[in-house]
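Residue numbers (the working numbering): 157 to 592.
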């Protein structure tokens with residue numbers, strides 16, 4: 157028997173979780189450690205903020221999935237990986253030993269801002285607290301409520317805060333960041349406020365405001381056509397975009413920009429890019445420039461062959477990868493197959509049946525050039541961009557409107573349905589269920 161330890165139950169580990177019955181049938185033991193009983197699918201987070209989806213729609217009950225499949229689920233957070241000893245230590249003081257370990261612990265917002273309240277950049281390890289008695293409501297004093305957009309559950313927290321504030325007076329939202337997530341969050345915050353006022357309009361109501369501080373420029377990695385469509389979508393929502401300015405500090409009454417100007421804000425949402433959590437650097441493991449676990453083409457640590465990883469928390473040494481969900485999803489089947497192969501290799505060595513090579517071949521993760529990007533701009537609309545790398549010189553497919561959103565919804569709901577356990581219910585396990 158070999159012991160598999162999965163740190164995190166994110167997108168890149170879902171295929172491995174689905175494979176638990178096969179692994180246990182081979183005599184392996186599987187333990188999954190996550191911050192809470194649910195994993196939230198990031199693609200639907202902005203829609204939860206805007207009210208397109210209830211929070212349950214984006215949640216997978218990973219604890220129940222793991223336990224129903226024959227694995228063990230532990231609620232905890234890894235604080236140190238001792239790769240030479242093949243052990244992981246957790247925030248609770250627990251130590252778990254492993255034969256093979258894989259990391260899919262997500263990412264944190266890359267740049268926090270000094271000042272403010274409620275800003276703790278908890279990364280992926282506070283989902284179990286969502287909706288609890290200590291949740292900040294953002295309608296009292298003490299300056300703006302500040303929330304990073306990771307973990308994705310924070311977008312539900314943001315929605316709750318906006319609805320509470322709207323019941324007491326004007327709401328001023330500032331979103332810091334110039335990437336796709338920032339645009340989606342700003343547009344859906346506008347929709348949330350518009351509908352909270354009971355006007356039926358999916359735009360920022362009079363007296364409220366939503367401002368997007370984009371840094372040097374908005375969506376610099378997208379072509380001009382896609383950027384224009386995104387600007388148009390934001391304008392339709394009443395979102396004000398500020399370029400050529402950078403957020404530097406949370407002030408008592410708003411957000412201070414690098415030019416000395418302060419934007420009034422009651423809620424500040426941080427979408428300033430993502431980075432791996434400090435776990436790997438703190439553990440003395442080989443990491444990339446931003447602290448991601450350095451892995452080879454097989455998603456295997458470059459120094460520790462029994463340590464693997466996928467998703468936002470890794471540094472893929474063969475080629476830089478954008479930290480987007482599509483890579484985590486595509487890595488999932490490769491990671492699951494390689495973990496199974498490594499476990500089987502351990503089992504053969506333990507029983508004395510290993511071959512001379514001692515290890516079956518591992519599959520490489522081969523990133524495909526280009527990927528479909530669909531941004532949720534709120535109220536059932538979106539912006540779609542799809543490069544066509546096989547046809548050099550052919551413009552990318554790019555359009556906006558209802559059809560773009562319908563395509564995104566089909567992709568997102570299909571992903572959720574694929575991974576839901578038999579019966580398809582999420583009830584009774586997610587933090588917000590008690591509120592329903």
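Note that the Cβ used here is the ideal one computed from N, Cα and C, for glycine as well.
Nothing here was measured: the structure is a model prediction, and the numbers come from that model.
**Study point:** With 16 other Cβ atoms within 10 Å as the buried cut-off, status of residue 438
**Key:** Answer is exposed; the Cβ neighbour count stays below 16.
Review point. For the candidate residues 396, 299 and 427, whose alpha-carbon lies nearest to that of residue 409?
Key: Ranking 396, 299 and 427 by CA distance to the CA of residue 409 puts 299 first.
Check your understanding: Among the residues of its own chain, which have a CB less than 7 angstroms from the CB of residue 294, if the five just before and after it don't count?
Key -> Reliability of the predicted coordinates at residue 294 is poor, the pLDDT of 47 falling under 50, and the value obtained from them is presented with this limitation in mind. The beta carbon of residue 294 sits closer than 7 angstroms to those of 301, 317, 320, 321, 422 and 423, all from its chain and outside the five residues before and after it, given in chain order.
Review point. Would the beta-carbon of residue 335 fall within 8 angstroms of that of residue 429?
Key: Taking C-beta atoms as the reference points, residue 335 and residue 429 count as a pair closer than 8 angstroms.
Check your understanding: Hey, would you say the C-beta of residue 548 is under 7 angstroms away from at least one heavy atom of the ligand ADP?
Key -> No copy of the ligand ADP appears in this structure; indeed no ligand is present at all.
Practice item. Out of 504, 553, 533 and 520, state which residue places its alpha-carbon closest to the alpha-carbon of residue 527. Key: Answer by Cα proximity: 553.
Check your understanding: Could you give the C-beta distance for residue 139 and residue 172, rounded to a whole number, given that I count them as a contact under 8 angstroms?
Key -> With the chain running from 157 to 592 in the structure shown, residue 139 is simply not present.
Exercise for review: Report yes or no: do three or more beta-carbon pairs, one from the stretch 392-400 and one from the stretch 358-371, lie closer than 8 angstroms?
Suggested key: Judged by Cβ distances under 8 angstroms, the stretch 392-400 makes contact with the stretch 358-371, as three or more pairs qualify.
Review point. Cα-Cα, which of 476, 374, 226 and 315 is closest to residue 202?
Key: Minimum Cα distance to residue 202 is reached at 315.
Review point. Is DSSP giving residue 171 helix, strand or coil here?
Key: Here residue 171 sits in helix by DSSP.
Point to revise | Complete runs of the alpha helix (DSSP H) confined to the stretch 412-447 [at least 4 residues] | key: As far as the stretch 412-447 is concerned, its whole alpha helix (DSSP H) runs of at least 4 residues are 435-438.
Exercise for review: Along the alpha helix (DSSP H) that carries residue 343, what are the first and last residues, could you check?
Suggested key: Its alpha helix (DSSP H) spans residues 336-352.
Point to revise | Spatial distance of residue 530 from residue 561 (CA atoms) | key: Residue 530 and residue 561: Cα-Cα distance of roughly 7 angstroms.
Check your understanding: Counting pairs of beta carbons, one from the stretch 215-226 and one from the stretch 570-579, are three or more of them closer than 8 angstroms?
Key -> Yes: at least three Cβ pairs fall under 8 angstroms.
**Study point:** Of the listed residues 533, 500 and 525, nearest to residue 517 (C-alpha basis)
**Key:** The option with the nearest alpha carbon to residue 517 is 500.
Review point. What is the DSSP secondary structure of residue 572, counted as helix, strand or coil?
Key: Here residue 572 sits in helix by DSSP.
Exercise for review: Under 6 angstroms Cβ to Cβ from residue 364, same chain only, skipping five residues before and after it: list those, please.
Suggested key: Leaving aside the five residues that flank residue 364 on each side, the residues in its chain whose CB is nearer than 6 angstroms to its CB run, in chain order, 326, 327 and 349.
**Study point:** Counted within 10 angstroms of its Cβ, other Cβ atoms place residue 198 as buried (16 or more) or exposed
**Key:** Counting the other Cβ atoms within 10 Å of the Cβ of residue 198 gives 16 or more, which makes it buried.
Exercise for review: Please determine, among 312, 453 and 242, the residue with the shortest C-alpha to C-alpha distance to residue 200.
Suggested key: Relative to the Cα of residue 200, the nearest Cα in the group 312, 453 and 242 belongs to 312.
Check your understanding: On the premise that residue 227 lies in contact with residue 261, defined as a C-beta separation below 8 angstroms, what is that separation, rounded to the nearest angstrom?
Key -> About 17 angstroms separates the two Cβ atoms, so there is no contact after all.
Practice item. Quick one: grab the DSSP three-state call for residue 454. Key: For residue 454, the secondary structure class from DSSP, reduced to helix, strand or coil, is coil.
Point to revise | Separation of residue 476 from residue 427, as counted between CA atoms | key: Those two C-alpha atoms are separated by around 21 angstroms.
Review point. Just the Cα atoms here: how many angstroms apart are residue 167 and residue 233?
Key: One C-alpha to the other measures close to 17 angstroms.
Exercise for review: With a threshold of 16 other CB atoms inside 10 Å of the CB of residue 371, please say whether the residue is buried or exposed.
Suggested key: Result: buried.
Point to revise | Proximal residues to residue 242 (C-beta, below 8 angstroms), its chain only, five neighbours per side dropped | key: The beta carbon of residue 242 lies closer than 8 angstroms to those of 253, 254, 255, 257 and 462 in the same chain, with the five residues before and after it left out.
**Study point:** Burial state of residue 538 (16 or more Cβ within 10 Å)
**Key:** Counting the other Cβ atoms within 10 Å of the Cβ of residue 538 gives 16 or more, which makes it buried.
Check your understanding: Taking just the CA atoms, how far does residue 366 sit from residue 331?
Key -> Distance between the alpha carbons of residue 331 and residue 366: 8 angstroms.
Point to revise | Beta-carbon proximity list for residue 514, same chain, < 7 angstroms, skipping 5 on both sides | key: Because the pLDDT at residue 514 is just 39, under 50, the model does not fix this residue reliably, and the point stays unresolved.
Check your understanding: In three-state terms, what does DSSP make of residue 556?
Key -> Look at residue 556 here: in three-state DSSP terms it is strand.
Point to revise | Residues that residue 259 bridges to, as DSSP identifies them | key: Answer is 163 and 465, bridged to residue 259.
**Study point:** beta strand (DSSP E) runs contained entirely in the stretch 176-206, provided each spans 3 or more residues
**Key:** For the stretch 176-206, whole beta strand (DSSP E) runs of length 3 or above, ordered along the chain, are 185-190.
Practice item. Grab me the residues of residue 420's own chain with a C-beta within less than 7 angstroms of its C-beta, minus the 5 sequence neighbours each way, in chain order. Key: 328, 409 and 410, listed in sequence order.
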